[in-house]
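A quick write-up on the structure given underneath.
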Amino acid sequence: MQRRNFLKLGAATGLLSLVEPVKAANVMATSSSGKISGPIVLSTWDHGLAANKAAWEVLKNGGSALDAVEKGVRVTESDVENRSVGIGGRPDRDGHVTLDACIMDDRSRCGSVACLEGIAHPISVARAVMEKTQHVMLVGDGARKFALDYGFDTIKTPIPEVKKDYEKWKKENKDVFKKPEINHENHDTIGMIAMDANGKLSGACTTSGWAYKMHGRVGDSPIIGAGLFVDQEVGAATSTGLGEAIIRVAGSHTVVELMRHGYSPLEACKEACMRIIRKHDDLTGLQCGFIALDKDGNFGAYSIYAGFNFALRTLEEEKLVDANFDRNW
Ligand code: SD4
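Just so we're aligned, residue 223 is where the sequence shown starts under my numbering, counting upward by one.
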C-alpha cells in the first residue's frame, strides 16, 4: 500500500500500531548464551523494504553492518520516484536539491555531509569523510569539492518532474519570508540500523530534507546524535520527521542513552517522542519517529502521530511493521 493511503487508512480507522518490543527470532535463539548471532536490519518507511534487500545481500554473506547500511540506503538514493532522498529529492525554495547524510559504525567512527549538491550518493561521501579524513562533517561546496576530488558520481538535480512541481510551487509561494508548510507528506528520510553476524552495529541516514526549506537549512539527518547514533555498548537509533524538533532533543542519542539506562527500544523511542511533545506548544503536523535496536537484538519504534512504519529483515522475516504512536492526525 502506498504510504499516503496507508496514512489515511490509519488515521481513519485508528488501526495502526501496537508492536510490542520484539526480539528477532534468530537473535533470541542464542541470546540466552549471551552470544549475539544477528543479523538484522531495520529502516524507516516502506522504501526501507527495497533498501533492506540490498543490505541483506551483504549481511547474509557475512558482510559487515557498515557495508550493509551503506549499500542499503544507496538504493533509496538512486530511486528517481522518491521525493525526499537522493536523486529524486525535492529542492529548497531557491531550487537547489541539497542532500544530507551520515553514517556511524560499531567503533563510534562517524562521517557526515550536509547541503551537498549534485552528487549521486551522499552516504558514500559521508563514509569517505569518516574513513579518509580527520573530520566528521563536511558541508556545502567543501563537501562537493571533496566528493569530486574522490571521483564520486555526479547527478543533475532537480530531475525534470521535480523541477516542474517546484516551478508550480514557486508561482504559488512568492513570499520568501513565508515559512514552508510543515507537511508530513513532504519528507521521508531513510534511516537504517543493522547488526551483522558478528553482533556489530552500524547505521546510516540520508535525505533531501524538508521540501522547499530555506537554502542552507540542515535538518537532523546528517547530525550525529540527532538523525543517527550508534554505540556498540548499547545499541543504535535513527529518526525521521521534522529535523528541527529532533535536533532540540538530540533525538537518536537520547534514544540510545535511554536504552543504556534500561529502557527497552520501544520505551526509549517513546520517551524521545514525549520529550519533543513536551517542548512544543503547537504540535500541528509535527511528525517525528524513531527506530531503535539494542545490542541484544531487541528493537522498537515510536512516532508522535500515526502512520510511521519501518521495514524489518531478519533470517526469518521480511516485512513492514507499524510503529506505535501517541496520537492520530
Ligand atoms: C529533515 N528529518 O531534514 C529530515 C526529514 C525527514 O521524514 O526525516 N523526513 O528534517
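We put the CB at the ideal spot given by N, CA and C, even for glycine.
Nearest Cα to Tyr527 within the set Ser334, Phe547, Ala472 and Gly310: Phe547. For Ile445, the Cβ stays outside the 7 angstroms cut-off from all heavy atoms of the ligand SD4. In this structure, Asp418 is the residue among Asp418, Gly438 and Gly465 with its C-alpha nearest to the C-alpha of Gln454. Annotated three-state conformation of Phe451 is strand, per DSSP. The alpha carbon of Gly484 has as its nearest neighbour, out of Ser334, Lys393 and Asn520, the alpha carbon of Asn520. About 10 angstroms separates the beta carbons of Ala272 and Val295, which is beyond the 8 angstroms limit, so they are not a contact pair. Contact between the segment 409-428 and the segment 447-461 is present: 3 or more CB-CB pairs across the two stretches fall below 8 angstroms. Lys390 and Ser443 have their C-alpha atoms roughly 27 angstroms apart. If you look at Leu480, you'll find it in the alpha helix (DSSP H) that goes Gly473 to Arg482.
The beta carbon of Ser346 is closer than 8 angstroms to those of Glu292, Arg296 and Phe374 in its chain, skipping five residues each way along the sequence. C-alpha of Ser430 to C-alpha of Ala458: approximately 22 angstroms in a straight line. Of all alpha-carbon atoms in Asp327, Ala369, Met352 and Lys275, the one lying nearest the alpha-carbon of Leu321 is that of Ala369. In this structure, Asp375 has its beta carbon at no less than 7 angstroms from each heavy atom of the ligand SD4. Straight-line measurement puts the Cα of Lys354 at about 26 angstroms from the Cα of Asn283. Per the coordinates, the alpha-carbon of Ile468 lies some 17 angstroms from the alpha-carbon of Pro487. Inclusion of Glu303 and Val319 in the CB contact set at 8 angstroms is not warranted, their separation being larger than that value. Taking 7 angstroms as the cut-off, one finds no heavy atom of the ligand SD4 near enough to the beta carbon of Asp453.
Going by DSSP, Asp410 is part of no alpha helix (DSSP H) at all; its letter is neither H nor E. With contacts defined by Cβ atoms closer than 8 angstroms, Val471 and Cys337 do not form a contacting pair.
Shown here for Thr506: not one same chain residue has a beta carbon closer than 6 angstroms to its own, the five before and five after excluded. Beta-bridge partners assigned by DSSP to Leu534: Leu264 and Lys541. Less than 8 angstroms separates the beta-carbon of Met326 from that of Ile446.
When the Cα atoms are used, Thr266 and Gly511 turn out to be separated by approximately 9 angstroms.
In this structure, Asn550 keeps its C-beta atom at 8 angstroms or more from the C-beta atom of Leu542.
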